[in-house]
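Enquirer: Sequence positions in the sequence shown follow the working numbering and run 35 to 178.
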Amino acid sequence: MTAGCFIRITKKNFVTPLERLLSNFFHVVTIMHIDILFDPQKDAANVNRHGMSLERTREIAWREVMCHADARRDYGEVREVGFVPIEGKVHCVVFTQRGGALRIISLRRANNRENERYERSIVQVLPQYAGRGGGDRTGHSDGP
35 MTAGCFIRIT KKNFVTPLER LLSNFFHVVT IMHIDILFDP QKDAANVNRH
85 GMSLERTREI AWREVMCHAD ARRDYGEVRE VGFVPIEGKV HCVVFTQRGG
135 ALRIISLRRA NNRENERYER SIVQVLPQYA GRGGGDRTGH SDGP
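1) Which partner residues of residue 131 appear in the DSSP bridge assignment?
2) What does the Cβ neighbour count give for residue 111, buried or exposed, with the cut at 16 atoms within 10 Å?
3) From residue 179 to residue 95, what does the alpha carbon distance come to, in whole angstroms?
4) With C-beta atoms as the reference, is residue 116 less than 9 Å away from residue 126?
5) So, for residue 152: in the same chain, excluding its five sequence neighbours on each side, which residues have a beta-carbon less than 6 Å away from its beta-carbon?
6) For residue 104 and residue 113, I'd like the C-alpha separation in whole angstroms.
7) In whole angstroms, what separates the C-alpha of residue 138 from that of residue 88?
8) Which residue comes first and which comes last in the alpha helix (DSSP H) that contains residue 78?
9) What are the residues that DSSP puts in a beta bridge with residue 124?
10) Give the DSSP bridge partners of residue 156, in chain order.
11) For residue 85, collect the residues of the same chain with a Cβ closer than 7 Å to its Cβ; drop the 5 residues on either side in sequence, then sort them by chain order.
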């Protein structure tokens, strides 16, 4: 098991202007150690369907995940849909919290609509990233 980081920020304890803005659209995450878990059969199914292993979730900078509850149907648990760059490309990760762990359900590249929503959200707070063609879109500097 690998430790990740995840905690929901409430409107009472914003840390940055990015969190303040994005909290209107997403739950913003910050760092806290937690375990990342997934079912090996679900991992195999994810590789079949999306071409990527759930092991890749161990590479995610969880503090950069923008997520919201998946309310499309009753799953019997609260599922979260998050968006985060992996190797410069926005990915969609579906997960739920169980105890002190994140149970990963799915990981895939974000579709065009999701990618555009993520880009708009970042650019609202960090206008210097508008129109960037690829690379790191998280607001982190590429260099000095």
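Even glycine gets a Cβ: it sits at the ideal position worked out from N, Cα and C.
Expert: By the coordinates alone:
1) According to DSSP, which records beta bridges pairwise, residue 131 is partnered with 136.
2) When all chains shown are included, residue 111 counts as exposed.
3) In this structure the chain extends from 35 to 178, so residue 179 is not present and cannot be described.
4) The beta carbons of residue 116 and residue 126 sit closer together than 9 Å.
5) Once the five neighbours on either side are set aside, the close Cβ partners of residue 152 are 117 and 124.
6) Distance from the CA of residue 104 to the CA of residue 113, rounded to the nearest whole angstrom, comes to 5 Å.
7) Straight-line Cα distance between these residues: approximately 7 Å.
8) Counting along the chain, the alpha helix (DSSP H) containing residue 78 begins and ends at 74-84.
9) In the DSSP output, where bridge partners are listed per residue, residue 124 has 119.
10) DSSP output for residue 156 lists no bridge partner at all.
11) Closer than 7 Å at the Cβ level, and outside the excluded window around residue 85, lies no residue.
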